[in-house]
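The block underneath contains the structure these notes are about, expressed in structure tokens.
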Amino acid sequence: MKVRISILVVALALLSSCNREIDFDFPDVEPAIVINSIITPESPFCVHISAIMPISDESYIDVTEPDGYGFTNTYTVPNPKIIDNASVLMYEDGALLTPLGYAEDGYYFSDKCPKVGSTYTLVVNAPGYKECKATTTLYNMPVLSNMSFCDTISVDEEGYPLSRLSLTIKDTIPSRNFYEMSCRAVSDKYDVEYEWIYFNSSRNTDKVLTQSECLPFNNRVLLFTDDYFSSGNHNLEVIYNYLMYVAMVKYDLEITVKAISESYYEYHRSKLLQSYQDEGLFEDFANGETLSAIPVDIYSNIENGYGVFASYSTMTDTIMRR
């Protein structure tokens, strides 16, 4: 009994130490605009504009949402400073295309849509802030051919099926290009219409994929470049997993490949790296190891500000089961 009481006392002491308040003087933050906009040819221009501000009690708010089971969950989320009086101009290939009008909650819209093959420059001005600029190019949709898949080629270390997706991707632009790929199994069984499939990081040997730093970090989305097949065709083979109940049914495979801008690639790559590092830090803490990782900076291409202005074109097709 004495041993149990001692352990309880130590545990309570450790838990109480986790709630200790620490005074910290944060450095002064220069006011700056935060821009978030990802444009596609299918949608009119939409830009969200807010501002950074010093960390304070008002920097975060608690949001309560129902969980669908009769209970509620409360989340602490950032409370951005919305800018509702900005001048937002969109230029197409160097010429003014359209101003964007304010709607609500920091969003500015236009009824015009971007065109594939054009370069767009976003210029934002707001009282009390420096002028912000950013540029992105909207590339042509990827050209895919010779698509097929085999739903069982082997099993992994835990006995789950491994599948193989094969396709040819044609690179039509001589400059360096960037791509994002994801897939979903499509079935009408078990009341599940779609199910994401997961790319197997240990079994993929294609150098186009292995050179991508994101493959080990998020195996539901592949980010890769054309460094190994610029201005040519590449026969890509991808090994993937899926959930066991998908293996019990026949399914079609929906494949989505995006031709993305460099800013889209770098922004999502940095978010994946940060996510992976956060998970690594948690694992280090759980294993009692020293926390020594350097934080990953989120990429931004906004001049005099923060955020991202990026673009992509999408090619989606479904490979029917044989």
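Numbers in this note's numbering are just positions in the sequence shown, counted from 1, shifted up by 52.
The C-beta atom is built at its ideal place from N, Cα and C for all residues, glycine as well.
>> Applying the 10 Å Cβ sphere with the 16-neighbour rule, what's the burial state of Arg-272?
In response: Under this definition Arg-272 is an exposed residue.
> Under a three-way DSSP split, which group does Arg-373 fall into?
Replying inline: If DSSP states are grouped into helix, strand and coil, Arg-373 belongs with coil.
> When the Cβ atoms of the region 86 to 103 are set against those of the region 158 to 167, are three or more pairs found closer than 8 Å?
Replying inline: Judged by Cβ distances under 8 Å, the region 86 to 103 makes contact with the region 158 to 167, as three or more pairs qualify.
> Residues in its own chain within less than 6 Å of Asp-136 by CB, not counting five upstream and five downstream?
Replying inline: Closer than 6 Å at Cβ, skipping near neighbours: Tyr-154.
>> What residue range does the beta strand (DSSP E) around Lys-185 cover?
In response: In the DSSP assignment, Lys-185 falls within the unbroken beta strand (DSSP E) covering 184 to 189.
>> For Asn-293, list the residues DSSP reports as bridge partners.
In response: Bridge partners of Asn-293 according to DSSP: Tyr-250.
> Alpha carbon to alpha carbon, what distance is there between Asn-293 and Ser-218?
Replying inline: A straight-line Cα-Cα distance of about 14 Å links Ser-218 and Asn-293.
>> Checking the sheet assignment: what are the DSSP bridge partners for Phe-97?
In response: The partner list for Phe-97 (beta bridge, DSSP) is empty, contrary to what the question assumes.
> According to DSSP, is Glu-209 helix, strand or coil?
Replying inline: For Glu-209, the secondary structure class from DSSP, reduced to helix, strand or coil, is coil.
> Roughly how many angstroms separate the alpha carbons of Tyr-284 and Asp-223, rounded to a whole number?
Replying inline: The sequence given here has Gly at residue 284, not Tyr. Going by the C-alpha atoms only, they are around 5 Å apart.
> Since Val-360 and Tyr-319 are thought to touch, with beta carbons under 8 Å apart, how far apart are those beta carbons, to the nearest angstrom?
Replying inline: That pair is a contact at about 4 Å.
> For Tyr-303, which residues of its own chain have a beta-carbon under 7 Å away from its beta-carbon, when the five flanking residues on both sides are left out?
Replying inline: Ala-237, Val-238, Ser-239 and Arg-373, listed in sequence order.
> Is it buried or exposed for Ile-205, if we count other Cβ within 10 angstroms and need 16 for buried?
Replying inline: That one is exposed.
> Over what stretch of residues does the beta strand (DSSP E) that includes Thr-171 continue unbroken?
Replying inline: Where Thr-171 is concerned, the enclosing beta strand (DSSP E) stretches over 171 to 177.
>> Between which residues of its own chain and Ile-134 is the CB-CB distance below 6 Å, once the five residues before and five after are set aside?
In response: Apart from sequence neighbours up to five positions away, the residues of its chain that approach Ile-134 with a beta-carbon distance below 6 Å are Ser-102 and Gly-158, ordered along the chain.
>> Please report the straight-line C-alpha distance between Val-140 and Thr-220, rounded to a whole angstrom.
In response: Cα to Cα, Val-140 sits roughly 40 Å from Thr-220.
> Where does Lys-164 fall in DSSP's three states?
Replying inline: Taken through DSSP and simplified to helix, strand or coil, Lys-164 comes out as coil.
> What is the C-beta distance between Leu-275 and Tyr-317, in whole angstroms, given that I count them as a contact (C-beta under 8 Å)?
Replying inline: With a Cβ gap of about 6 Å, Leu-275 and Tyr-317 count as contacting.
> Based on the DSSP secondary-structure assignment, which residues constitute the bridge partners of Asp-349?
Replying inline: When DSSP reads this structure, Asp-349 sits in no beta bridge, so it has no partner.
> For the beta strand (DSSP E) that contains Val-86, what are its first and last residues?
Replying inline: Element bounds for Val-86: 84 to 91.
> If you pair each beta-carbon of the region 165 to 173 with each one of the region 199 to 214, do three or more pairs fall below 8 Å?
Replying inline: Short answer: they don't touch.
> Contact check, Ala-186 vs Glu-355 under 8 Å by CB: the rounded distance?
Replying inline: The distance from the Cβ of Ala-186 to that of Glu-355 is about 6 Å, consistent with a contact at the 8 Å cut-off.
> Considering only C-alpha positions, which residue in the set Tyr-358, Met-193, Val-175 and Arg-255 is nearest to Glu-144?
Replying inline: Among Tyr-358, Met-193, Val-175 and Arg-255, the Cα nearest to that of Glu-144 belongs to Val-175.
> For Val-260, does the three-state DSSP call read helix, strand or coil?
Replying inline: Note: Val-260 maps to helix in three-state DSSP.
> Taking buried to mean at least 16 other C-beta atoms within 10 Å of its own C-beta, is Val-86 buried or exposed?
Replying inline: By the Cβ neighbour-count rule, Val-86 is buried, with 16 or more other Cβ atoms within 10 Å of its own.
>> Is it buried or exposed, Tyr-191, if we count other Cβ atoms within 10 angstroms and call 16 or more buried?
In response: Result: buried.
> Out of Glu-82, Tyr-212, Asn-256 and His-100, which has the shortest C-alpha to C-alpha gap to Lys-182?
Replying inline: Closest option to Lys-182, Cα to Cα, is Glu-82.
>> If distances are taken between C-alpha atoms only, which option among Ser-254, Val-195, Ser-313 and Thr-189 comes closest to Val-207?
In response: Of the candidates Ser-254, Val-195, Ser-313 and Thr-189, Ser-254 places its Cα closest to the Cα of Val-207.
> Does the Cβ of Asp-369 have 16 or more other Cβ atoms within 10 Å, making it buried, or fewer, making it exposed?
Replying inline: By the neighbour-count rule (16 or more Cβ atoms within 10 Å), Asp-369 is not buried but exposed.
> In this structure, does DSSP put Glu-306 in helix, strand or coil?
Replying inline: The answer is strand: DSSP assigns Glu-306 an E or B state.
> Which residues in the same chain as Asn-88 place their Cβ atom closer than 7 Å to its Cβ, once the five residues preceding and following it in sequence are excluded?
Replying inline: Non-local beta-carbon contacts of Asn-88 in its own chain, meaning distances under 7 Å to residues more than five positions away in sequence, involve His-100, Gly-359 and Val-360 in chain order.
> Alpha carbon to alpha carbon, what distance is there between Cys-184 and Leu-148?
Replying inline: Linking Leu-148 to Cys-184 through their CA atoms gives a straight-line distance of about 16 Å.
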